[in-house]
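Read the structure below first, then the notes.
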Amino acid sequence: MDECIFCKIVLGQLPAKFVYQDDDIIAIKDIHPKAPIHLLVMPRKHRESLKDIKREDQEVLGKLLLVVQKVAADAKIAEDGYKVFINSGHDAGQIVFHLHLHVLGGWKKAPRWDV
Ligand code: AMP
Ligand code: ZN
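Everything in the sequence shown is counted per my numbering, starting at 559 for the first residue and increasing by one.
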């Protein structure tokens, strides 16, 4: 946790472009976007991946999807559509071990992207 870059962003110790924040959840712009719009939505509380979630996280986990809905609408990709995914564990390509949802979209606005 001490070395977790997303915990550092949560604590304001590393910069990020925030698009949403509340008591439980933050959403930021991905630093290396793989689509015209690429956002990361995550709980403030450190959970390494889906293998670490607990029953007590149920409410925040549900709320993450409502935040996805909001940030997608704010980014104006809700109508055209967008991808939401979680890389959980090494084999899935997870590189930052603080649970986060990827939100990708906006291809119609910048069609050269092909993700
Ligand atoms: P994952 O493979 O699911 O762990 O994805 C981690 C994502 O975090 C990648 O898309 C990275 O580009 C992104 N990322 C890494 N460091 C930062 C950072 N400091 N600010 C924003 N996004 C980051
Ligand atoms: Zn963390």
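Positions of the beta carbon are idealized from the N, C-alpha and C atoms, including for glycine. As the structure is a prediction and not an experimental result, all values here were calculated from the model.
The straight-line gap separating the alpha-carbon atoms of P591 and E614 is approximately 32 Å. Per DSSP, Q579 is one residue of the beta strand (DSSP E) stretching across F576 to Q579. Judged by DSSP in its simplified three-state form, G664 adopts coil rather than helix or strand. For I586, the enclosing beta strand (DSSP E) covers residues I583 to K587. Less than 7 Å separates the beta-carbon of I595 from that of G664. Counting along the chain, the unbroken alpha helix (DSSP H) around K566 starts and ends at I563 to V568. At a threshold of 6 Å, D649 does not count as near ligand 1, since its beta carbon sits no closer than that to any of the ligand's heavy atoms. Taking 6 Å as the cut-off, the C-beta of H590 counts as close to a heavy atom of ligand 1. When distances are taken from the beta-carbon of Q652 to the heavy atoms of ligand 1, the shortest one is below 6 Å. Distances taken from the Cβ of A631 to the heavy atoms of ligand 1 include none shorter than 6 Å.
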